[in-house]
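Let me begin by presenting the structure, written as structure tokens, before commenting on it.
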Amino acid sequence: MLSWPHSATDWNYMLAEVRACYREIIAAIIAAGESVILIGPESELADENFPEGVFKIYEETNDTWIRDYGPLTLHTSDGYELLDFRFNGWGLKFAANFDNQVNRRLGKRGVYSSMPRSCKDLVFEGGSIESDGQGTLLTTEYCLMAPNRNEPMTRQQVESAILERLCARKLLWITNGGLAGDDTDGHVDTLCRLAPGNSLVYVGCQNPDDEHYAPLKAMADELRTFTNANGEPYNLVELPLPDPIFDDEGHRLPATYANYLVLEHAVLLPVYGQSLNDKLAEDMLRIVYPDREIVTIDCRALVQQHGSLHCATMQIPSSVISFL
């Protein structure tokens, strides 16, 4: 599922550029044998043409980062269940009145085979959580405990609520790290990912003069102490940090290779026109995902609004979509 960039979003000043990036992402997903549900206002989506396998659903949206307001899928003994958490624009930073209603609206329209279960008592974003599907979750403290999320809940109360909703046994909290320019308060999908082979794929920094050197080193040290729900330590795989990318006003943008999307037969990797770093990230992911094709997508457009490829997508099992 993706949300089409339109003129009422912050993409208005660079619509052609970002839509070209979205078309590249869509084409790569279709080429990998999967379908795409594309939501957006009818006034801006109706006349757009896409390849076979793309299903347009007309819905009003505030923003495009559907990772954070799309439904989270819970794998149950009976199949799958969609969960609908409260989305408040990353701690009331941005308008979210449409985005927070997307899942309920799609459910009422029969897009989903059943209505998503309401979890609106908890502010929770898809980019803030990682799961290995085996009982272990990964998050960052500075995001989940950030202002305007779930006060006055304590960390233990938040942890208990998340473990209960997602039927998990262990929640790992990263307390170090973070990227300059990240306005999500530090989503875990920009920093560290749970991966096959009991691996943690994380962003590192080898340049002592970079502002990220100390916090990312502290994060790596922290990751070495983590164990999964079965008490097993992780294999750590370091991705490079892209060379600094700045916006037109000179502010550093949160470019990261950790924001990749795992498909059934492929991994879509965001790249940033940096031949050495891009190639190194691709090579590392090829080791971690040997059974999948690594497909690179130029995401220099996406990072202009402080996000990347994983942020722009949300995977959903075809069995919960009524028309697939």
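Take the position in the sequence shown, starting the count at 1, then add 46; the result is the number in our numbering. C-beta atoms are modelled at their ideal positions from N, C-alpha and C, and glycine is treated no differently.
Classification of residue i by the beta-carbon crowding that lies within 10 angstroms, buried from 16 upward
{"i": "residue 213", "result": "exposed"}
{"i": "residue 124", "result": "exposed"}
{"i": "residue 279", "result": "exposed"}
{"i": "residue 356", "result": "buried"}
{"i": "residue 248", "result": "buried"}
{"i": "residue 176", "result": "buried"}
{"i": "residue 258", "result": "buried"}
{"i": "residue 311", "result": "exposed"}
{"i": "residue 9", "result": "The chain is shown from 47 up to 370; residue 9 falls before or after that span and cannot be answered."}
{"i": "residue 319", "result": "exposed"}
{"i": "residue 62", "result": "exposed"}
{"i": "residue 235", "result": "buried"}
Proximity below 8 Å, CB of residue i to CB of residue j
{"i": "residue 226", "j": "residue 286", "result": "no"}
{"i": "residue 231", "j": "residue 136", "result": "yes"}
{"i": "residue 262", "j": "residue 243", "result": "no"}
{"i": "residue 140", "j": "residue 171", "result": "no"}
{"i": "residue 148", "j": "residue 105", "result": "yes"}
{"i": "residue 362", "j": "residue 119", "result": "yes"}
{"i": "residue 317", "j": "residue 340", "result": "no"}
{"i": "residue 323", "j": "residue 288", "result": "yes"}
{"i": "residue 272", "j": "residue 101", "result": "no"}
{"i": "residue 145", "j": "residue 109", "result": "yes"}
{"i": "residue 122", "j": "residue 275", "result": "no"}
{"i": "residue 185", "j": "residue 217", "result": "yes"}
{"i": "residue 360", "j": "residue 116", "result": "yes"}
{"i": "residue 201", "j": "residue 165", "result": "no"}
Unbroken beta strand (DSSP E) run spanning residue i, endpoints
{"i": "residue 67", "result": "No beta strand (DSSP E) holds residue 67; the alpha helix (DSSP H) holding it covers 61-77."}
{"i": "residue 211", "result": "No beta strand (DSSP E) holds residue 211; the alpha helix (DSSP H) holding it covers 201-211."}
{"i": "residue 282", "result": "281-285"}
{"i": "residue 343", "result": "339-344"}
{"i": "residue 269", "result": "Element bounds for residue 269: not the beta strand (DSSP E) but the alpha helix (DSSP H), 259-269."}
{"i": "residue 169", "result": "163-169"}
DSSP state of residue i mapped onto helix, strand, coil
{"i": "residue 189", "result": "helix"}
{"i": "residue 126", "result": "strand"}
{"i": "residue 241", "result": "strand"}
{"i": "residue 236", "result": "helix"}
{"i": "residue 298", "result": "strand"}
{"i": "residue 104", "result": "strand"}
{"i": "residue 151", "result": "helix"}
{"i": "residue 249", "result": "strand"}
{"i": "residue 118", "result": "strand"}
{"i": "residue 183", "result": "strand"}
{"i": "residue 370", "result": "coil"}
{"i": "residue 364", "result": "helix"}
Spatial distance of residue i from residue j (CA atoms)
{"i": "residue 229", "j": "residue 352", "result": "7 Å"}
{"i": "residue 48", "j": "residue 354", "result": "12 Å"}
{"i": "residue 178", "j": "residue 301", "result": "24 Å"}
{"i": "residue 233", "j": "residue 113", "result": "11 Å"}
{"i": "residue 223", "j": "residue 207", "result": "24 Å"}
{"i": "residue 50", "j": "residue 84", "result": "6 Å"}
{"i": "residue 209", "j": "residue 193", "result": "21 Å"}
{"i": "residue 87", "j": "residue 107", "result": "7 Å"}
{"i": "residue 129", "j": "residue 161", "result": "9 Å"}
{"i": "residue 80", "j": "residue 265", "result": "35 Å"}
{"i": "residue 388", "j": "residue 255", "result": "Residue numbering for the chain in the displayed model covers 47 to 370; residue 388 lies beyond these limits and cannot be assessed."}
{"i": "residue 308", "j": "residue 358", "result": "13 Å"}
Range of the contiguous alpha helix (DSSP H) that encloses residue i
{"i": "residue 309", "result": "No alpha helix (DSSP H) holds residue 309; DSSP gives it neither H nor E."}
{"i": "residue 218", "result": "Segment 216-220 is the beta strand (DSSP E) holding residue 218; no alpha helix (DSSP H) there."}
{"i": "residue 88", "result": "88-91"}
{"i": "residue 323", "result": "321-334"}
{"i": "residue 136", "result": "135-138"}
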